Each structure stands twice: as structure tokens, then as C-alpha cells.
DNA sequence: TTTCATAATAATAATCATTCCTAATTTTAT
DNA sequence: ATAAAATTAGGAATGATTATTATTATGAAA
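Protein chains in written order, with the working numbering: chain A, 1 to 134; chain B, 135 to 268.
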């Protein structure tokens, strides 16, 4: 197994990700890190994001749009995706681990984790729709 | 709004999808339909899959691997993805619509639907792992 | 603190799924 | 049958992501 060496870039990626609640894409992360480290390359961002997700330090979110999103909050929690503005919102719901147990009762496999994504209209877009009606 | 015209290809795609429980990718669907309609093009498969998903006649499943998968069963149900063989399995669980209600209580948006994917080891891979231990 | 093995990187090419484009064909309402 | 509009094949284009390679940075051991 490969031993990790310290990397400023990787550290910066995690640090940046921890400041954001909106689950940015690799591209967005790249553009932001570039301000601190102008020479960083997009490939480095992708490589480190994969690595970090693999070792479980961050979480990759695949919500159905064209790009993957990343979340520094590895505590299992559901997400909401707005079908209008495509923003991703963390939902604060009670612990849903019981779903894994429930799933395991329905077949013979081992369940380790789950990803739960809700789709609909976010508070902002809901509000805008209401205003347009009047 | 565009009115749909009848299309043998689109019909064949739906018909094929209904015979499968394994949620094939566009590529797999293409290779199978090709045996009945050798001149069909991959673009046609993609276009029709998008269209069918849009009008709600089929369902697109984005589970985190490189390709989208498709399901003719539009009745909401959770999926299981094996982290070893990557197969997708339908889970037969009790109705989980209450999750949408629960989610709506946690913020101000409108929830229309959800996608629930469990990850772990499928029955076959679990069995294989056991045999290798002995 | 030098040395050295190896991880990490920049830059860029390559890959792969998916979408777009266009001219030709099919469908269907009249 | 006619014509408008949807559908198609074939291939080019796009866009996200991964792979490649030569160079640089890191960290353990001497």
C-alpha cells in the first residue's frame, strides 16, 4: 500500500472544501484553489479528490447532473437537489441508518452505506414561482 | 409542445428494457436492439432514452459509475449497487414515500421524489468471499 | 544535512459517455 | 397523395475525467 506524503495542494483542497456547504465540483474547487496556488493543475485537483474520497476523508456526490460534487462532511446525511437551479442542499434529518438494516432484511447482501437524494423545488425557487404567479 | 410520433426504435427500446431487471446502460441497450434493427444508431438510443425518461416512461439511474443505467420499472423503489461486481439489484422494500414527507419537514422546499441507493456486497460476492476464506 | 526512494505535480494527451448537427427518411394529420 | 413535423443515421463535437511523462517535492534513513 502506498504511503501518503504531505501535500500542500491536497491540504488546500480539504481546507477549501470544509469552508463550503454547497458541494462544489472539481472545476469550482480548482478555480478557487488557483487563487492561493496559481500553478495548481486541474488534474491534481481530480487526483486528490479521488484519493480523498477513496480514503474516506471526503465524500463524492453523484446527483445526476454532468459533474460529480464533493462534500467535506462525511457524516452520512441526505441531500436535496433543486430541479430548477440545481443547487444541492444538506438536509438535517434524524439518523437514517435504520434504512440500511431495513434494506438488509429485504435480500441476502451486506449493506454498508446508502446515498439518499431528494429532488424537487428549493425554497428560493419555490418563492420565485409564487411571486411570478401574482 | 412537441407531439410524439410513433417510432419502431423507441418502441423496441422500451420493449427490451421491460425484459431486463439489471438496468442496462445505453451501450448495452444499443447492442441488443441492433440484433433486431441492425441500422439503429447509438445516438438514437441515447435520444430516446432521454426522451422516455423525461416523459416518465422509464427511469434513469445514476449510481456513481461511469454510465447511466435505465429501468423500465417506474414504480419508486430503492436500488442496491455491489461495490465488487457493480451489479444493480432492485430491492423490494415497503413503501418509502414517508421519507419525502420527513424530508419536507426538515426545510422549506418541495420534495417530489427521491433516489435511494444502497452500497455493499451482493449475495454472490458475499458467498465468494466466504469460500475464499476457507 | 545529504542521500535517496517514492509520492506528488504540471502540462497535456487520451478516453469515454453523451450530445449535437445535418441531410435524408418516416410518420401522421388532412 | 401531400405536406408538416418528428425521427433517424452517421459522424463530429463536447465535456468530464483519467492517463502519461518528465520534473519536483517530501520524508525517512544514513
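Glycine included, each C-beta is placed from N, C-alpha and C at the ideal position. For clarity, every value in this text was computed on a predicted model and none was experimentally measured.
Among the candidates A:3, A:122 and A:20, whose CA atom is the shortest distance from the CA of residue 84 of chain A? A:122
For residue 13 of chain A, count the other beta carbons within 10 Å of its own beta carbon; 16 or more makes it buried, fewer makes it exposed. Which is it? buried
Enclosing alpha helix (DSSP H) for residue 16 of chain A [first to last residue]: 8-18
Three-state secondary structure (DSSP) of residue 268 of chain B: coil
Taking Cβ to Cβ, would you say residue 204 of chain B is nearer than 9 Å to residue 167 of chain B? no
Quick test of your reading: residue 227 of chain B and residue 210 of chain B, contact by CB under 8 Å. State the CB separation rounded to the nearest angstrom. Residue 227 of chain B to residue 210 of chain B, Cβ: 10 Å. No contact.
Local conformation of residue 113 of chain A per DSSP, three classes: strand
To be precise: take each residue of the region 238-256 of chain B, compare its Cβ to all Cβ atoms of chain A, and keep it if any distance is under 7 Å. Which residues remain? 240, 241, 242, 243, 244, 245, 246, 247, 248, 249, 250, 251, 252, 253, 254, 255 and 256
Against residue 260 of chain B, what residues of chain A qualify as contacts under a CB-to-CB distance less than 8 Å, listed in chain order? 108, 109 and 110
For residue 119 of chain A, which of helix, strand or coil comes out of DSSP? strand
Residue environment, residue 73 of chain A, which counts as buried when at least 16 other CB atoms sit within 10 Å: exposed
Given a limit of 8 Å on CB to CB distance, which residues of the region 181-204 of chain B reach chain A? 194, 196, 197 and 198
Alpha-carbon to alpha-carbon, residue 10 of chain A and residue 46 of chain A: 10 Å
Am I right that residue 111 of chain A and residue 252 of chain B are in contact with their C-beta atoms under 8 Å? What's the rounded C-beta distance? 5 Å
Do you know whose CA, among B:193, B:258 and B:173, lies nearest residue 158 of chain B's CA? B:193
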